[in-house]
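Sequence lines, in order, name chains B, D and L. Just remember that my numbering sits 423 ahead of the position in the first sequence, which is counted from 1. Just remember that my numbering sits 96 ahead of the position in the second sequence, which is counted from 1. Just remember that my numbering sits 4 ahead of the position in the third sequence, which is counted from 1. A virtual CB, placed ideally from N, CA and C, is assigned to each residue, including glycine. Okay, so here's the structure we're looking at.
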Amino acid sequence: MVISPIHYIFVPLVAAFAIPLLSKLNKELPRIIPGIVLFYNIIISFVLMQEVNEVGYISEVIAGWRAPIGINLIITPFSGFLVSLISVLGFLIWLYGFRFKKVIDDGELRSYNILQMMMITGAIGIIITGDIFNLFVFLEIVAITAVSLTSFYRGRDGAEAGFKYLLIGGFASAMILLAILILYTQVGTLNMAEIAERMHTVPTGIKSTILILFIVGFGIEAELFPLNGWAPDAYSQAPGPTSTAFAGIVVKAGVYGLIRIIFTLFDIEGAYDFLIIAGLITMIIAEAAALKQTNLKRMLAYSSIGQMGLALIAFGIGTKEAVFAAMFLLLNHAIIKSLLFMTGSILMYNSKEKTISSLHGIAKRLPFISILFAIGAFAIVGLPPFSGFWSKLYILSAAADKEMIFLIVTILAVSVIEIIYYFRVVSKLYFAEGTTNVEVYKPKINAKISMLILGIAIFVIGFYPDLVTGYLHNAADILLDKASYIQYVLNTDSTIQ
Amino acid sequence: MNIFFLLIIILFSGALLSFVSNRIVPKISGIISFLIISLVSILFFSQVNIGETFQFILGEIPMQYGVTPYTYIFAIIVLGLGTLAAMYSIEYMKDKDRLGYFYSNFLLTILGMLGIVFSQDFISLFIFWEIMTWSSYLLVIYNGYNSRNVGMKYMIFSAIGAYAMLTAIVSIKANYGTYTIAEAIQNGAFNFSEHMYIPIMLLVGFAVKAALMPLHVWAPNAYSKSPMSFTSIFSGAMSKMGILGIGLVLASAYSYSNNDDTTNYITALRYTLGWLGGITAVMATIYALIQTDAKKLLAYSSVAQLGYIIVGLSTGTELGVMAALFLAVVHGIFKGALFMVVGAIEKQVGTTDMTKISGLIRKMPFTFFVALVSIIALAGVPPLGGFVGKWMLYEALITESNNYFLIIVIFFSSTAAFLYSYRFLFGLFLGQEEKETEHVTEAPITMIIPMMILAILLIVTGAFPGILFEPISHGMHNLGFSDVNWSMSVLVNVWGEESNMTYINLSIGIVFVVIFAFLTIKGYKGTKNVGTKDISTGGEIPTENENLTFQLDFFKPFERAAAPLYKRSMDKIWNDLGNAIDSLSDFMRKIYSGNGQTYALFVVIFLVILLLFKDTLFAN
Amino acid sequence: MQEQFNEIFIKYHEIITIGVYGTAIALMLIGLYAILMKKNLVKIVIGLTILDAGIHLLFVGIGYIQNGTAPIFSPGYENSADRMVDPVPQALVLTAIIIGFAVTAVALSLVIRLYKHHNTAKIDQIKHLKW
């Protein structure tokens, strides 16, 4: 292969360790280095994405031990696409947060940048690993960095959100560890391909127990109900770029982990229906709760949870069309939600209590940001001609193919509720009477460029979704094709259908 | 580059241009949008050939654009009204702010409507439908009202309708294998024998826009609280998009009459629609009677007129459908004109409350003329266009439908319509002049011109309804109806009798002129010119300042008589539903109680439940 | 020395195995109880640690083979590959212990900050972010 996937892990790690040393030379370096790293990420991910689209899989083993003994990194079209998305988003988030004002002294600057970079790296690691314990390790990296970033501000609420996140996150890791433990006793291996191959030898009762532990563990990261109590707090208290990273990156990794487990490792049919039901409950409760929120970021957090519920529903439907639609939704959600969080953070910047009433009529003074927020709101609700419409259409179409009319009606009813609370904010932004003495924070050019790029992406995909649909269809096919994955990694002929 | 893409690009870039240009050169957005819409109209009517289709693939869905004779009718309404409204709004909106926002959404609404006209597959239809919906929402809240009653209600209902449509659309694809409208009809999408919910959901979606009971509650507020230049196309053209859809579904449904079940369902549907249309007409009319704000009166009247149109569509006969489509076009013309009139009054006088103003006829004669013509058309009085449509509707109902109760309902509503028409005219223009309105002048010329054009159109279509009959009958052919026998001014009905419109109009015109002449000449000698204040009541001579125009509680006796009807309100039901959802949402959000331990407890409980039920959930 | 140990082990190996597993499970349950029932923040963190400890213990215990020896090729034990205790769980547990240590460190620092701001260490007093 052209570039080894190990660069995703290796380069940021080296940079992370280098930053404290190099910052002695120049105080501004901690700001710049993550940018370079993340940009490098973008380059390698596009290279890899090209390659994997033709080849199908790219695998790399670490330290010379061949799979299944060694740990391997694997790129499939789905993971390649997700990693590219995360790299681009990571870079845009860095660009957005470049002149982040609230970070004061050098220590904070260092820690903020290192943590942010490591969180993104951890998320990428979750996605590209082929070994289940490695998955656990990267998950822990993400969890710890995320908790630290949540409680970054020295205020009162950050610590509260961080503690709740840590408590439940600690639970999640315990569940996953336990699941890995039991799994290991059954199949004797930690390599995902080999586990998939040997899964049919595991007795059903134990298999479902392991699956349940995994679901609870990953569900906490993927914000499934009722495991998502930590999420609204964490999203609303974290600094702007971090909540953007949560919504755009971290939760995708959680969903990816869950999907990998269910689709690749396990072969239980009931899991798909479970996904649909769990996703549906998550979506309904999250969107209903969002309706009455007064804190903008909290409202966006609930909306994010709801969209992830929708993605899980789509994955649960299970057909090729549905999986493709789910991937498209993940792509769209990442772009749109990131835009919403970015603009939302700027809109809320100077407000003390961060309530929506503080942004009444602010569109006059921040027209650019307000327009972008409005575009994001329209897009996420699923209005044409923005990109969110296509993903919703494909999901509904896949559901209709399987005659799930009740599901369609419920999803659309929830969409009406989404329209209510998003449009309420947009109209207040433009037309409500606001206080004129609130100082607004005018973003600098770097933030504007990030947000503009996301906005343009929304338009481009909305007008011409064919740009991405071809690639995503291929990705969906390969995700569902377990046998070839096993075969590729283990270089053996697999007997799994 | 085909014409449809060109039109879309022009309108989109026009919207963008309007939005941006307002910051650079203020007030120029209006002129830009007017030019763009004129350009689009010219291009459309010259370049588009009916029946030509254009196919392409977007998002892996095959899409098809093309204008059918049926949708051509609506194109006329949309583009005609759109151009005139754009000209009108240059002056109307002159002193308001956020013009860029207004005009860009205006153009997007026109784009949406035009797109609906030339979409021949459901996905394109939906895309343009939604564009139309959200851009019109942004305009409804332009005046700053987004309380639950106005903007949000409109958006929620539109969204419910649109999503019902979307459900039907994806089901059509799943069950009948295609997104294209023509193919879906061929494959039996609307034949009601199976999957009945599909055409019903489509109808729900269209019925929201057409303000059919019980989905009409958004209309009175939305129509009256938006800027008037927008309301003229809002009420004039956008509601017709709903009619377009309903007509399409119904016509396709009628064309299946293969087995008895289908015919029964379709008859049931026709009766239901007819009743709903009738009830809409009656209820809206009597609500219109008690309004004191001219805008709201017109809004309710719009809903009522749409009720007539739907009744016409529901008869299922050629005459009825023709009546409905004719009424649709004429309603677009006179409603557009009336909202422009009210807008002119609002701009010149400052209010449209009929209890506060009167006697504007002296100061705004041209506006009065337009209002007079439009009101005559609305009330269905010969010799104008509304009469022709109503005549056809009555004829269709009496001769071909057995639904006598519906006939009574429609007659009653038409008569009551006459009452509020008079109220409108009298309340605003006639009567004694108010002191406050003495400084009022006539509306500016760019507002007068569109209104006059519309008024003239009304007169013309009244005398020569054949002008409209031609495209409408092509459209009906396209839908599968056979022709109604007509010529330029003659209608032949079921019994072969001719109703010659020209003779009718001519005779009525002659009678009118004769009586007028008689009164003038005969009474000339005995009359003298007096001021409106030169009266005495019961021996008392009023002072200069007192205004004796009868304005308040205009229809009080009627109100008292019809009091029980006013009590039942669809509005309340929807409000209660909204409150229920609100409390549900409150309940949901209390789940997140803030106590971290509780969240951990949830996790453990979830785990335990899953483990207990793992056999049923995850049986392989 | 080794032989003596092995003898005792073989005699009582069932009890010892049950003892190890039982202790592990007991630790997990105690940790769970502490997390769910105790109100003091520090106690909750301790509970989390105990839960993790239980899982680690379970992990190591599973890797045991009867009569096994340490998984290191040392002089005198070159051919004992088939008698070695499974090294994988031991490696995993080592990693997991370190992760647990990091989590505990972050958790305790958060507890300190929470105490500073709220003046209480009871978790049900700390619910400013809700609904």
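Can you check whether the CB of Ile382(D) is closer than 9 Å to the CB of Phe654(D)?
-> yes
Under 7 Å by beta carbon: chain B residues contacting Gly155(D) = Trp813, Pro888, Asp889 and Thr892
Mind checking Gly23(L): buried by the 16 CB within 10 Å criterion, or exposed?
-> exposed
With C-beta atoms as the reference, is Leu221(D) less than 9 Å away from Asp889(B)?
-> no
Sequence-distant residues of the same chain with beta carbon closer than 6 Å to Val437(D), five excluded per side | Thr463, Val466 and Ala467
Run down chain L in chain order and give the residues with a C-beta less than 8 Å from the C-beta of Val565(B).
-> Within chain L, no residue comes near Val565(B); the closest Cβ sits about 12 Å away, beyond 8 Å.
Verify the CB distance criterion: does Gly717(D) have a CB-CB separation below 9 Å to chain L?
-> For chain D, the structure presents residues 97 to 716; residue 717(D) sits outside this window and is missing.
What residues of chain B sit near Leu40(L), judged by a beta carbon separation below 8 Å?
-> The premise fails here: Leu40(L) is roughly 10 Å from chain B at the closest Cβ pair, so nothing lies under 8 Å.
In three-state terms, what does DSSP make of Ser774(B)?
-> coil
With burial defined as no fewer than 16 other Cβ atoms inside 10 Å of the residue's Cβ, what is the status of Leu383(B): buried or exposed?
-> Residue 383(B) falls outside the range modelled here, since chain B spans only 424 to 920, and no answer is possible.
Beta-carbon proximity of Ala333(D) to Gly178(D), cut-off 9 Å = yes
In or out: Phe477(B) buried (at least 16 other Cβ within 10 Å) or exposed?
-> Per the sequence shown, residue 477(B) should be read as Glu rather than Phe. Label assigned to Glu477(B): exposed.
Please decide whether Arg788(B) counts as near chain D, where near means a Cβ-Cβ distance under 9 Å.
-> no
Have a look at Glu18(L), Ile59(L), Tyr16(L) and Ile48(L) and flag the residue whose alpha-carbon is nearest the alpha-carbon of Leu589(B).
-> Ile48(L)
Using 10 angstroms around the beta-carbon of Ile609(D), count the other beta-carbons present and answer buried if the total reaches 16, otherwise exposed.
-> According to the sequence as given, residue 609(D) is Val; it is not Ile. Classification for Val609(D): exposed.
Keeping to the same chain, check which residues put their C-beta closer than 6 Å to that of Phe525(D); ignore five residues upstream and five downstream.
-> Leu456, Ile457 and Phe464
Rounded straight-line distance, which links the Cα of Ile294(D) to that of Val590(D) | Only weak support is given to the placement of Val590(D): the predicted model assigns it a pLDDT of 44, under 50, and the value that follows is read from those uncertain coordinates. Rounded to the nearest angstrom, the two C-alpha atoms are 34 Å apart.
Which of helix, strand or coil does DSSP assign to Tyr161(D)?
-> strand
When DSSP labels each residue in this structure, what does Phe286(D) get in the three-state scheme?
-> coil
Just tell me which of Gly799(B), Ile879(B), Gly739(B) and Ile881(B) has its CA closest to the CA of Ile818(B).
-> Gly739(B)
Whole angstroms is fine: what's the gap from Leu703(D)'s alpha carbon to Ile591(B)'s?
-> 13 Å
Identify whether Thr149(D) lies in helix, strand or coil by the three-state DSSP scheme.
-> strand
Return helix, strand or coil for Glu744(B), following the three-state DSSP convention.
-> helix
Should Pro91(L) be flagged as near chain B, meaning a C-beta pair shorter than 9 Å?
-> no
What does Met379(D) touch in chain B if you count any residue whose Cβ is under 7 Å from its own?
-> Chain B residues near Met379(D): none, gap ~25 Å exceeds 7 Å.
Would you say Pro655(B) and Ile728(B) are within 9 Å of each other, going by their C-beta atoms?
-> yes
In chain order, each alpha helix (DSSP H) run of at least 4 residues that lies wholly inside the stretch 164-234 of chain D = 165-188 and 195-214
So, is Arg656(D) buried or exposed, given that buried needs 16 or more other C-beta atoms within 10 angstroms?
-> exposed
Could you say which of Gly403(D), Ala696(D) and Ile169(D) lies nearest to Val304(D) if we only look at CA atoms?
-> Gly403(D)
Distance, Cα to Cα, Glu593(D) vs Ala492(D)?
-> Annotation note: pLDDT 47 at Glu593(D) (below 50); position unreliable, no value reported.
Express the C-alpha separation of Phe302(D) and Ile342(D) in angstroms, rounding to a whole number.
-> 6 Å
Pull up the CB-CB distance for Ala400(D) and Ala384(D), whole angstroms please, since I reckon it's below 8 Å.
-> 7 Å
Report the residue from Phe514(B), Pro662(B), Ile432(B) and Ile605(B) whose alpha carbon sits nearest the alpha carbon of Phe561(B).
-> Ile432(B)
Length of the line joining the Cα atoms of Ile555(D) and Glu841(B) | 47 Å
Any chain B beta carbon closer than 9 Å to Asp128(L) | no
Per DSSP, what kind of secondary structure is Ile481(B) in: helix, strand or coil?
-> strand
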